[in-house]
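Below is one structure, written out as structure tokens, with a few remarks after it.
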Amino acid sequence: MSILDVKVIQDYIRMCNDGWLQGWHERNGGNLTYRMKPEEVEECRPYFQKPGPWIDMGVSGINLAGEYFITTGSGKFFRNVILDPEHSIGIVEINDRADSWRIVWGLEGNAKPTSEFPSHFMNHSVRSKVTNGKCRVIYHAHPPNLIAMTYILPLSAREFTRALWKSATECPVVFPDGVGVVPWMVPGGTEIARATSQVMEKYDVAVWAHHGLFCSGPDFDTTFGLMHTVEKSAQIYNLVMSSGQGRVRQTITDDNLRAIAEEFGVTLNEEFFGEPEID
Ligand code: 2HA
Ligand code: ZN
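Residue numbers (our numbering): 922 to 1200.
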């Protein structure tokens, strides 16, 4: 047995590789964190090393005190996770004040958790709170079609949500709350972490303008599926806009959206109905 035989580690590695295969993780692009269940921590504990020093994160989230996260490493390539997990990913423990982490497994060769760990951590804090502890996964990727949309649509939750809901029929069922948008900001710091976590109070998806997407969810499948659904819808949107040269002959109407919501038993965010006042 090794830690690589533990199911949660295998599932985590598979998700990293699935993202790589989709083309969302050029070079060191993207990052993935998972808040472990207590029983998963116990399954992995026999393989823990002597813990590293506590490192201050610059942010805190008291509801995450004592939690353990699986994380990708800063500067590490998703492509290499399946080939060399010990150097590419790791497990960190959070301290009692919930403002520092220390490495207990992996991230070998002096690696550190992802540069976006502050954003992931604050998003976990907020999403865990608003989902009564159900949210466990925060996933950041660079899906190209969604990024392309951030150059042509106004950077508002309303515009992005309507465009994505109307580009594929199942979207309102998959993300009924809609998607939030964070304007362009310098990545990797505490400022973008705070801005993203504010958006994540309302939405389980946050667009980073000209950069990528953050998705959250209770498990790997749901969160990967959310990223996949948003990006596929963005692809359709871009195909329609480019092949139709901006002309749309017909689309999913607001009444159609309401009919989907009723049939599938989801409540859609009413703020997003109605045509915009300005074009
Ligand atoms: O990890 O994607 O946003 C590289 C990034 C930073
Ligand atoms: Zn990024």
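Quick reminder that beta carbons are idealized off the backbone N, C-alpha and C, glycines included.
A quick note: this is a predicted structure, and the numbers were derived from the prediction, not measured.
Quiz item: Cβ-heavy atom distance between G950 and ligand 4 below 7 Å?
Solution: This structure does not include ligand 4; its bound ligands are ligand 1 and ligand 2.
Quiz item: Excluding the five sequence neighbours on either side, which residues of its own chain have a C-beta within less than 7 Å of the C-beta of T976, listed in chain order?
Solution: Note on residue identity: the sequence assigns Ile, not Thr, to residue 976. These residues qualify, in order along the chain: S1021, W1022 and R1023.
Exercise. Please name the residue in I924, D1098, H1045 and E988 whose C-alpha comes closest to that of P959.
Key: E988
Quiz prompt | Identity of the residue in F999, T1035, S1046 and R1115 nearest V1013 by Cα | solution = T1035
Quiz item: In three-state terms, what does DSSP make of T993?
Solution: strand
Quiz prompt | Separation of L985 from D1142, as counted between CA atoms | solution = Taking the straight line from one Cα to the other gives about 23 Å.
Practice problem: Compute the Euclidean distance between the alpha carbons of Q931 and I1068, then round it to the nearest angstrom. | Solution: 29 Å
Quiz item: How would you write the range of the beta strand (DSSP E) that A1136 sits in, first residue to last?
Solution: Per the sequence shown, residue 1136 should be read as Cys rather than Ala. Where C1136 is concerned, the enclosing beta strand (DSSP E) stretches over G1133 to G1138.
Exercise. Go through the region 1090-1125 residue by residue and report every complete run of the alpha helix (DSSP H) that reaches 4 residues or more, in order.
Key: 1092-1095 and 1111-1121
Quiz item: Whose C-beta lies closer than 6 Å to the C-beta of F1194 among residues of the same chain, with five residues either side of it excluded?
Solution: Apart from the 5 residues on each side of it in sequence, F1194 sits with its Cβ closer than 6 Å to the Cβ of D1175 in its chain, given in chain order.
Quiz item: Taking 7 Å as the cut-off, does the CB of H1063 come closer than this to any heavy atom belonging to ligand 1?
Solution: Of the heavy atoms belonging to ligand 1, at least one sits nearer than 7 Å to the Cβ of H1063.
Quiz item: From P1104, E1191, V1128 and R1168, pick the residue whose C-alpha is nearest to that of A1155; which is it?
Solution: V1128
Quiz item: Rounded to whole angstroms, how far is the Cβ of A1202 from the Cβ of G1138, which I believe are closer than 8 Å?
Solution: Lying outside 922 to 1200, the shown extent of the chain, residue 1202 is not represented and no answer is given.
Quiz prompt | The alpha helix (DSSP H) enclosing A1062, as first and last residue numbers | solution = Note, A1062: premise wrong, no alpha helix (DSSP H); beta strand (DSSP E) at V1058 to A1062.
Quiz prompt | Assigned exposure category for T954 - 16 Cβ within 10 Å defines buried | solution = T954 comes out buried.
Self-check item: Those runs of the alpha helix (DSSP H) which lie wholly inside the region 952-1034 and span at least 4 residues
Solution: Annotation note: the region 952-1034 contains the following uninterrupted alpha helix (DSSP H) runs of length 4 or greater, listed N- to C-terminal: 959-965, 999-1002 and 1006-1009.
Quiz item: Beta carbon of V1103, beta carbon of S1077: below 8 Å?
Solution: no
Quiz item: Going by the CB atoms, is the gap between V1025 and P974 shorter than 8 Å?
Solution: no
Exercise. Could you name the residues of the same chain whose beta carbon sits closer than 7 Å to that of Q970, not counting the 5 residues immediately before and after it, in chain order?
Key: So the list reads V1025 and W1026, once near-sequence residues are dropped.
Practice problem: Indicate, with yes or no, if ligand 1 has a heavy atom lying under 7 Å from the CB of S1009. | Solution: no
Quiz item: Bridge partners of W1129, per DSSP?
Solution: V1103 and G1133
Self-check item: Three-way DSSP call (helix, strand, coil) for E947 in this model
Solution: coil
Quiz item: At what residues does the alpha helix (DSSP H) containing Q1156 begin and finish?
Solution: Start and end: F1141 to S1164.
Self-check item: For E1029 and R935, the rounded distance between their alpha carbons
Solution: 20 Å
Quiz prompt | Three-state class that DSSP yields for H1189 in the structure shown | solution = In the sequence as displayed, the identity of residue 1189 is Leu instead of His. L1189 falls in the coil class under three-state DSSP.
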